[in-house]
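So the sequence shown is numbered by the UniProt record's numbering: it starts at 1 and just counts up by one.
For each residue, glycine too, the CB sits at the ideal point set by N, CA and C.
Quick caveat, the model's predicted, so the values are computed rather than measured.
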Amino acid sequence: MAEDEAESTLELPECPVCLQQYGDVSTVPRVIACGHSACEDCLTQLQNPFPCTIRCPSCTQLVKLPNPISCLPKNIDLLRFSTPNTSKTPNNHVSTEKYDKDPIFIKPHLWSHEFYSTWRTWVLPEDSIIIESNGSDDDNNGFCFVCYGKVLKVLKNISCMGCVLKENEKVSLLEIGYFDDLNKGSCKKFEYSYEVKVMSVLYGLSEGERNELESIIKSSLGLHVMCKVYGFWYNMDNHCVYMVSETFSGSLLRKVSVLKNAILEKNGDDKVSNAGLVIVGSDVCQAVNNLHLGGLLPGYLGLSCFGFDEFGHVYVDISEVLATGRRVHKTLIEIIVGTVSEDLMVKLINKIVEDCVFVSPELLFELLKLDDTVINLGSSKHHVGYGSDIWSLACVIISFLVDKPFAEEMQNYLSYLVTAVRDEKGVDYVRWYMEWRQKIMILIECRMGSEFINVKEILFTCLDYNPANRPVASELWKTLRVLVIKSELDEVIDLKQEMEKENMCNCLILGDLCQSADKIRNQSSRCTSDTCVVENANQEEADGVEKLGADKDVVEGLSGGQVKCIDLKGHLNCITGLVIGGGFLFSSSFDKMVNVWSLQDYSHVHSFKGHEQRVMAVAFVDYEEPLCISGDNGGAICIWRASTPLTAEPLKKLQEQQDWRYSGIHALAVSGSQYLYTGSGDKSIKAWSLQDYSLSCTMNGHKSVVSSLAICDEVLYSGSWDGTVRLWCLSDHCPLAVLGEEAPGNVCSVFCLAVDENVLVAAHENGLTKIWFDDILVKSAQEHDGAIFSACKKGKWLFTGGWDKMIKVKELYRDGDLSSAIPLGSITCDSVVTALFYWQGKLFGGQADGVIKVYYSAVR
């Protein structure tokens, strides 16, 4: 009985993929090359990125997979444990489930995944835009004006929403943030990448500003009456990030001026001429109505906020809406708080009137409240809403029809209001406003004929002091349309929209994007600086060097503000390799030596001088005793004792066979199975036993020099000048897969590899970097100007260095199906970067001038 209970509680073996118990035909356990087992159906369904290979669901090793899978042997031991009475129906066996390793979730250093995923689509390339004209000569007020630029080249995949820039297209540029540039003299520096600068400014905006930008972008994509927003662009000259928008050459101010001149030329036949102004006014009404339907409320309107597209249709220029709103907001605050003289106040008011900007009473009071000004003019019960735009819209129409007399009345309107607030007089503003509105109606009667009686009545209602009593834009549009064309459809179409007229929360002029210039200028991105100084620590005191081990990760120093470096000088020529082991740093060089450096104080300890040719690579292995292994371009392999006492002569010296075509050893790698692998100029990879130093086998397949070797998860990766990366099984040294053969006509040599966990990085002669996540190519981009000679990866950080004397730093992350490499920035070096190695939060960089730099964080 106890045996039966024990047997019933025994956990039966199950497939690691579908978690079904082994037993019947569909769940027969098959043994794969690494020794682990999985059911036959799951092995069929697993992802197979490379032909005839599979990653073991238990150990993730890449192994050969025969075809058919039934050729694999059954795991008899597992079948013996399975009970014969266990029955499974097809519904219980999830054969379509695919194995997925725990995803690498690397949190971006500067922002969250959600933020980066949301906004990175809208970052325009650095070389996509050029500024042709600035909106203002005053740099301090540059963000209050719109700049204009041109698209330099065709960009096909700027936005996932389908907005695509066109070559030579004119665009408007509105500043939305500023990135501090803290260049300090001529010191070497780490400079953030272009993408990081844009994203940091966006991240530094308030939540309200980003919400407004999101709303504007969505509306621009869905509304035909509004210019499209393409994305965000960073200007390297002034360190400003701009919102890039569509623009047209047509100006509403210019067209209205032309129509008014036509009225004068008619000499009395105003009806025909006024019809043109009415048509323009009805188009403006339609644009504002569609803007409201899209959920956007400017809060005010001005003639500069509108333009004409190539077909003569009125559109809303959102960049001008925001820029004008900033100017109005800034001007009114300066006037009310008394920071300007009376004469200057008059000039500022005249400027608002000349710009044909119309602000409703309730909006004026709200703007003043933002500066904590106490208002006691009978306005507290009215709030900004759709009716505020209707008030401004009516003023736009009246300015078309009345012109200069209306401008004079608008000047009186603004002057009376701001004077009353500045002097804190207890005036009856509401009564005065009613009288002012009546004067406006008299101006309309004097200017227009009897056929405009309906227009006069609705405009009178639009100027009502209470926003709730004002009509919607569609009603004003219908009244104007009747003056031009009388259609039978007008009798049956009801265009009245039911809208909330008060408490509109998305009012642009009251939003964060229209804050004052000084406030926005001071809102630097949350990233502390554009650059961080890389100081030379060779002149520091000895106790400062001893504290290196307490420093944080070098990348934290890069993004936190400061990185220091130590120069290790001892080589006479180009550094070719760096490796750490046994408490030492080993460096190989063209000067035929391998130098040994202390990791305690970074002093030079010893030099291995057994090579007769240039040393091309160096490796470290610690089996029975620690060993340093180096190979030269004459085919010689020297094995050195890597523990004290260090000797001048190698323990063992091996020699590869060579002929006149042979160019020696270019790469070294060591495996946990006590093998040394050499990548050679004869296109082969050789496996040497470290037990008896014999040549075990030669792996052929590459068509040119094997330039780089890397080992991870029992797989050997080899990069070659033939442009391919080959994968080899370490258990039997058989080939597993080939990457890069898909483009034989465009061969570009692979110069270095970096492999860590499930990420493979291949760097090429032309500066191209390819990154694979889980054997799937996720990124291929030009990272350097010229060849990349070295790459190393540690955790989420990827470092590459090359001909352009730069070390590029990228942050890799994986979140579900989303994989990406974020360019964090670059370190400017003195010479060509030829070797990189990362160890315990420090980055070691070997250069072509023979100097080794140790970069470490100064942030403790």
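Own chain residues within Cβ distance below 6 Å of residue i, not counting five before or after
| i | result |
| --- | --- |
| E500 | Low local confidence applies: a pLDDT of 46 at E500 is under 50, so the model's placement there is unreliable, and no value is given. |
| R481 | S282 |
| A394 | L459, C462 and L463 |
| Q286 | W477 |
| W233 | L124, I129, Y242 and V244 |
| K779 | I771 and A821 |
| S708 | A667, G719, C752 and L753 |
| F50 | A737 |
| M345 | I335 |
Close-in-space but distant-in-sequence residues of the same chain around residue i (CB under 7 Å, 5 per side omitted)
| i | result |
| --- | --- |
| K64 | A33, C52, T53, C729, C734 and L736 |
| A762 | G719, V725, V750, L753 and K770 |
| G302 | T324, D355, C356, V357 and F358 |
| E362 | S379, H382, H383, V384, S388 and P467 |
| N235 | I131 and Y242 |
| T44 | I69 |
| L777 | K770 |
Environment of residue i [buried if 16+ CB atoms lie within 10 Å]
| i | result |
| --- | --- |
| residue 861 | As shown, the chain starts at 1 and ends at 860. That puts residue 861 outside it, with no answer to give. |
| S474 | buried |
| T118 | exposed |
| P471 | buried |
| Y300 | buried |
| N92 | Its pLDDT being 33, under 50, N92 is placed unreliably by the model, and the measurement read from it follows with that caveat. By the neighbour-count rule (16 or more Cβ atoms within 10 Å), N92 is not buried but exposed. |
| A848 | buried |
| S857 | buried |
| residue 893 | The first residue shown for the chain is 1 and the last is 860, placing residue 893 beyond what the model contains. |
| T576 | buried |
| H329 | buried |
| Y602 | buried |
| N469 | exposed |
| F584 | buried |
| P645 | exposed |
| D591 | buried |
Among the options, nearest to residue i - alpha-carbon criterion
| i | options | result |
| --- | --- | --- |
| T828 | L843, E811 and I807 | I807 |
| I176 | G795, I216, K150 and E167 | I216 |
| V579 | S598, L297, C565 and D567 | S598 |
| D553 | D713, K794 and R447 | K794 |
| T247 | V201, S704, V316 and G208 | V316 |
| S588 | G631, L558, I566 and Y602 | G631 |
| S694 | K703, L709, E656 and L727 | E656 |
| V171 | W640, E612 and I318 | I318 |
| residue 936 | V198, I852 and E445 | One cannot answer for residue 936 here, as it falls past the ends of the chain, which runs 1 to 860. |
| L252 | F400, S220 and L291 | F400 |
| N168 | F179, D180, L152 and Y178 | L152 |
| E191 | T678, C574, L417 and V563 | V563 |
| Q600 | V284, E649, P57 and Q840 | Q840 |
| H784 | K810, L651, L777 and F311 | K810 |
Distance CB(residue i)-CB(residue j) smaller than 8 Å
| i | j | result |
| --- | --- | --- |
| G846 | L572 | no |
| C514 | L322 | yes |
| I789 | Y838 | According to the sequence shown, residue 789 is Phe rather than Ile. It is not a contact, given that the beta carbons lie outside the stated cut-off. |
| V615 | V594 | yes |
| L332 | L297 | no |
| L174 | G325 | no |
| T479 | V455 | yes |
| C712 | D774 | no |
| V832 | F844 | no |
| A636 | H611 | yes |
| N633 | S663 | yes |
| V396 | R447 | no |
Other residues of its chain near residue i: CB distance less than 8 Å, five sequence neighbours each side excluded
| i | result |
| --- | --- |
| F620 | V579, I580, G581, G582, F586, P626, L627, C628, I629, A642 and V670 |
| G222 | G294 |
| M434 | Y465 |
| V31 | S37, L72, P73, K74 and N75 |
Residue i: CB within 7 Å of a non-hydrogen atom of the ligand GDP
| i | result |
| --- | --- |
| H113 | No copy of the ligand GDP appears in this structure; indeed no ligand is present at all. |
Beta carbon proximity, residue i to chain B, threshold 8 Å
| i | result |
| --- | --- |
| G841 | Note that chain B does not occur in the displayed structure, where there is just one protein chain. |
> Enumerated in chain order, which unbroken segments of the alpha helix (DSSP H) with a length of 4 residues or greater are wholly contained in the UniProt domain "RING-type" (15-60)?
Replying inline: 40-45
> In chain order, which beta strand (DSSP E) runs of at least 3 residues are fully inside the region 640-678?
Replying inline: 652-655 and 665-670
> What are the start and end residues of each continuous beta strand (DSSP E) run of 3 or more residues lying completely inside the UniProt repeat "WD" (568-607), in chain order?
Replying inline: 575-581, 584-589 and 594-598
> Along the chain, which unbroken stretches of the alpha helix (DSSP H) at least 4 residues long are found entirely within the region 388-462?
Replying inline: 404-423, 429-447 and 453-462
> Can you list the beta strand (DSSP E) stretches of 3 or more residues lying completely in the region 736-769, in chain order?
Replying inline: 750-756 and 759-764
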